[in-house]
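Going down the list, the protein sequences come from chains G and A. Using the working numbering, read the first sequence as starting at 3 and increasing by one per residue. Using the working numbering, read the second sequence as starting at 3 and increasing by one per residue. Ideal Cβ positions, reconstructed from N, Cα and C, are used throughout, including at glycine. What you are looking at is a predicted structure, and each value in this text was computed from that prediction instead of being measured. Scroll down for the structure; my scribbles are underneath it.
There are 2 protein chains.
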Amino acid sequence: MTTTSGEFAAAGVPGSARRRGKVLEHAIFQAALDELVGSGYATLSMEAVAARAQTGKAAIYRRWGSKEALVLEALRELLPEAGPAPDTGDLRADLLELVMRMRAAMLSLPGRAGRVIMSELDHERGLPFAGLMREKVIEPGASRLLELLGRGVARGEVRPEAVNHMVVDVAPAMMLYRFKMLGPPTEQDAADLVDQILLPLVRR
Amino acid sequence: MTTTSGEFAAAGVPGSARRRGKVLEHAIFQAALDELVGSGYATLSMEAVAARAQTGKAAIYRRWGSKEALVLEALRELLPEAGPAPDTGDLRADLLELVMRMRAAMLSLPGRAGRVIMSELDHERGLPFAGLMREKVIEPGASRLLELLGRGVARGEVRPEAVNHMVVDVAPAMMLYRFKMLGPPTEQDAADLVDQILLPLVRR
Chain G
3 MTTTSGEFAA AGVPGSARRR GKVLEHAIFQ AALDELVGSG YATLSMEAVA
53 ARAQTGKAAI YRRWGSKEAL VLEALRELLP EAGPAPDTGD LRADLLELVM
103 RMRAAMLSLP GRAGRVIMSE LDHERGLPFA GLMREKVIEP GASRLLELLG
153 RGVARGEVRP EAVNHMVVDV APAMMLYRFK MLGPPTEQDA ADLVDQILLP
203 LVRR
Chain A
3 MTTTSGEFAA AGVPGSARRR GKVLEHAIFQ AALDELVGSG YATLSMEAVA
53 ARAQTGKAAI YRRWGSKEAL VLEALRELLP EAGPAPDTGD LRADLLELVM
103 RMRAAMLSLP GRAGRVIMSE LDHERGLPFA GLMREKVIEP GASRLLELLG
153 RGVARGEVRP EAVNHMVVDV APAMMLYRFK MLGPPTEQDA ADLVDQILLP
203 LVRR
């Protein structure tokens with residue numbers, strides 16, 4: 003680790019590694035979400051993010067004018083992509099795969115950060131974050147589920163009336179509720195959700 | 003409204019009505035939950051509660067040593083009793099009655115206060131409140147639901163395997179999720195939850 007000319011020297015942080023562009027940006031996003039999960043949104047400070055990312059506050063403010071802008075972009079970049087809908091030909095295997103992906107996303111750093119922020123902020127201040135979670139997590143998950151249920155209908159495994167927007171809320175609602183009440187969902191919880199709830203609910 | 007000798011004069015609040023014992027206590031509980039819903043737990047102050055209840059801070063501290071103690075007792079006293087399980091002889095009517103009660107409780111002042119505090123506090127600081135919500139709301143609701151499902155099994159309307167603890171989480175999980183995502187649940191939302199989710203899930 004050497005102090006160098008240019009960006010990091012200008013930011014005035016001795017000992018920071020020479021990092022540029024995407025690498026530095028990623029370290030800042032990671033630091034922002036780590037801080038958010040550790041201390042909550044209200045007490046999240048740009049200073050703490052800078053310290054954790056081993057850069058200067060100025061380097062952060064140059065790119066993001068507010069912590070809202072920083073956290074929104076960090077979530078947008080770090081939340082995993084939904085990927086294509088599972089298509090194993092078997093309804094239970096497809097549902098289990100989707101619920102396991104949902105669990106993994108919920109336990110990931112950006113997933114935990116999203117949960118913290120959505121539970122901390124009231125409706126109005128939470129709107130930009132809710133919009134992002136909807137766009138990046140909820141809607142892709144719902145559309146994958148509708149797609150695999152549709153294939154189940156075609157195979158004669160799923161009731162056509164079960165392919166609706168209330169049914170697709172059941173898995174995320176149950177995962178979040180049980181997370182809140184009982185702590186992080188286990189793989190067994192995911193399997194139970196499929197076997198006790200989703201299959202009986204949608205099967206013909 | 004007259005300033006009187008004794009408790010209220012001692013508290014130093016001019017113009018407070020002469021209220022004693024249970025009446026004053028109820029006004030303080032109500033004020034505490036109003037403040038909580040309005041401004042959140044972190045910024046809730048005993049001073050603001052006293053001002054809203056038109057009493058003195060000393061009168062409050064004499065009874066409750068901390069805001070945690072005050073809010074816990076306010077919730078314990080003001081949360082509605084669960085009442086006996088619905089027993090109309092008809093599964094759909096029983097489920098609808100239970101879900102409508104759940105909705106009413108969620109929209110009531112203590113229900114909104116419970117929601118605010120459970121979403122604001124992290125796991126550790128939330129524990130005493132989670133314990134209270136479990137004891138006063140969740141467990142009574144679950145036991146009423148298990149009871150009415152049991153009668154449904156006896157009538158041949160309900161699958162015996164559906165009478166389990168994961169199934170009883172579905173209604174509160176869905177109500178809370180949709181509240182967060184779409185705002186306060188309507189009567190139509192309650193009916194849809196029964197018709198689209200609960201009945202297909204438990205019916206034989």
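Q) What residue from A:L148, A:E141, A:L35, A:R206 has the CA that sits closest to A:A84's CA? A) Taking the first residue of the second sequence as position 1, residue 84 of chain A is located at position 82. Closest by alpha carbon: A:E141.
Q) Do the CB positions of G:L38 and G:V73 come within less than 8 Å of each other? A) The count along the first sequence starts at 1 and reaches residue 38 of chain G at position 36. The count along the first sequence starts at 1 and reaches residue 73 of chain G at position 71. Yes, these two residues count as a Cβ contact at 8 Å.
(Q) Given this structure, state the Cα-to-Cα distance separating A:L97 from G:R21, to the nearest angstrom. (A) Along the second sequence, one-based indexing puts residue 97 of chain A at 95. Along the first sequence, one-based indexing puts residue 21 of chain G at 19. Cα to Cα, A:L97 sits roughly 59 Å from G:R21.
Q: Step through the CB atoms of chain A and report whether any lies within less than 8 Å of the CB of G:V25.
A: Here residue 25 of chain G is taken as the residue at index 23 of the first sequence, counted from 1. Not an interface residue.
Q) What are the boundary residues of the alpha helix (DSSP H) that includes G:V204? A) Along the first sequence, one-based indexing puts residue 204 of chain G at 202. Run containing G:V204: 201-204, per the alpha helix (DSSP H) assignment.
Q: Quick one: using the 10 Å Cβ neighbour count with 16 as the cut-off for buried, is A:A44 buried or exposed?
A: The residue you call residue 44 of chain A lines up with position 42 of the second sequence. Per the 10 Å Cβ criterion, exposed.
**Q.** Rounded Cβ spacing between G:A192 and G:R105 (contact assumed at less than 8 Å)
**A.** Taking the first sequence and counting its residues from 1, one reaches residue 192 of chain G at position 190. Taking the first sequence and counting its residues from 1, one reaches residue 105 of chain G at position 103. Sure, about 5 Å apart at Cβ, within 8 Å.
Q: Indicate the three-state DSSP secondary structure (helix, strand or coil) for G:V73 in the structure shown.
A: Counting from 1 along the first sequence, the entry for residue 73 of chain G is found at position 71. Looking at G:V73 - three-state DSSP - the assignment turns out to be helix.
Q: Tell me, please, which residues DSSP counts as bridged to G:V160.
A: Looking up residue 160 of chain G in the first sequence gives position 158. G:R205, per the DSSP bridge assignment.
(Q) Threshold first: 4 residues or longer. Then list the alpha helix (DSSP H) segments lying entirely within the stretch 82-113 of chain G, N to C. (A) 93-109
Q | For G:A95 and G:A87, the rounded distance between their alpha carbons | A | As a working note, residue 87 of chain G is residue 85 in the first sequence. As a working note, residue 95 of chain G is residue 93 in the first sequence. Going from the Cα of G:A87 to the Cα of G:A95 covers about 12 Å.
Q | Secondary structure of G:P177, DSSP reduced to three states | A | The residue given as residue 177 of chain G occupies position 175 in the first sequence. The sequence given here places Met at residue 177 of chain G; Pro does not occur at that position. If DSSP states are grouped into helix, strand and coil, G:M177 belongs with the helices.
Q | Buried/exposed call for A:L109, threshold 16 Cβ in 10 Å | A | Position 107 of the second sequence holds residue 109 of chain A. Its Cβ having fewer than 16 others within 10 Å, A:L109 is exposed.
Q. What span of residues does the alpha helix (DSSP H) with A:R136 cover, start to end?
A. Taking the first residue of the second sequence as position 1, residue 136 of chain A is located at position 134. Note, A:R136: premise wrong, no alpha helix (DSSP H); not H, not E.
Q: Go through its chain and collect everything with a Cβ distance to A:A50's Cβ below 7 Å, but skip five positions before and after it.
A: Taking the second sequence and counting its residues from 1, the one referred to as residue 50 of chain A is at position 48. The answer, listed in chain order, is E37.
Q | Range covered by the alpha helix (DSSP H) that runs through G:D36 | A | For the purposes of this step, residue 36 of chain G is identified with residue 34 of the first sequence, where counting begins at 1. G:D36 -> alpha helix (DSSP H) spans 23-41.
Q. Considering only C-alpha positions, which residue in the set G:L81, G:A53, G:A144, G:I62 is nearest to G:V101?
A. Within the first sequence, the letter at position 99 stands for residue 101 of chain G. The shortest C-alpha separation from G:V101 is found at G:A144.
Q.
In whole angstroms, give me the CA-to-CA distance for A:I30 and G:P187.
A. Along the second sequence, one-based indexing puts residue 30 of chain A at 28. Along the first sequence, one-based indexing puts residue 187 of chain G at 185. If you take the alpha carbons of A:I30 and G:P187, they lie about 39 Å apart.
Q) Can you check whether the CB of A:P112 is closer than 8 Å to the CB of A:L134? A) Sequence index remark: in the second sequence, residue 134 of chain A carries index 132 (1-based). Sequence index remark: in the second sequence, residue 112 of chain A carries index 110 (1-based). No; because the gap between Cβ atoms is not below 8 Å, this pair is not in contact.
Q: Quick one: give me the first and last residue of the alpha helix (DSSP H) that G:M48 is part of.
A: The count along the first sequence starts at 1 and reaches residue 48 of chain G at position 46. Per DSSP, the continuous alpha helix (DSSP H) segment holding G:M48 begins and ends at 48-54.
Q: Tell me, to the nearest whole angstrom, how far the beta carbon of G:E159 is from that of G:L93; I am working on the premise that it is less than 8 Å.
A: Taking the first residue of the first sequence as position 1, residue 159 of chain G is located at position 157. Taking the first residue of the first sequence as position 1, residue 93 of chain G is located at position 91. Right, the Cβ-Cβ distance comes to about 5 Å (below 8 Å), so this counts as a contact.
Q.
Cβ closer than 8 Å: which chain G residues qualify as neighbours of A:P174?
A. Start at 1 with the first residue of the second sequence, and residue 174 of chain A comes out as number 172. Result: Y179.
Q. Applying the criterion that 16 or more other CB atoms from any shown protein chain within 10 Å of the CB defines a buried residue, is G:A71 buried or exposed?
A. Along the first sequence, one-based indexing puts residue 71 of chain G at 69. G:A71 is exposed by the Cβ-count criterion.
Q | Contact set for A:L200: own chain, Cβ-Cβ below 8 Å, skip 5 residues either direction | A | Locating residue 200 of chain A in the second sequence gives position 198, counting from the first residue. Excluding sequence neighbours, A:L200 sits near L97, V101, V172, A173.
Q.
Using the three-state DSSP reduction, which class does G:M168 fall into: helix, strand or coil?
A. On the first sequence, position 166 is the one that residue 168 of chain G refers to. It is helical.
Q: May I ask which residues mark the beginning and end of the alpha helix (DSSP H) holding A:A60?
A: Locating residue 60 of chain A in the second sequence gives position 58, counting from the first residue. Element bounds for A:A60: 59-65.
Q | Cβ-heavy atom distance, A:P187 to the ligand COA, below 7 Å | A | No copy of the ligand COA appears in this structure; indeed no ligand is present at all.
Q: List the residues of chain G that A:V169 touches, going by C-beta distances under 8 Å, in chain order.
A: In the second sequence, counting from the first residue as 1, residue 169 of chain A sits at position 167. Residues of chain G with a Cβ closer than 8 Å to the Cβ of A:V169 are, in chain order, Q198, I199.
Q. Between G:D194 and chain A, is there a C-beta pair that is closer than 8 Å?
A. To locate residue 194 of chain G, count along the first sequence from 1; it is residue 192. Cβ-Cβ to chain A under 8 Å: yes for G:D194.
Q. Alpha carbon to alpha carbon, what distance is there between G:L26 and G:V169?
A. Within the first sequence, the letter at position 167 stands for residue 169 of chain G. Within the first sequence, the letter at position 24 stands for residue 26 of chain G. Going by the C-alpha atoms only, they are around 42 Å apart.
**Q.** Straight-line gap, A:A175 to A:F181 (C-alpha atoms, nearest Å)
**A.** As a position in the second sequence, residue 175 of chain A is number 173, starting the count at 1. As a position in the second sequence, residue 181 of chain A is number 179, starting the count at 1. In a straight line, the C-alpha of A:A175 is about 10 Å away from that of A:F181.
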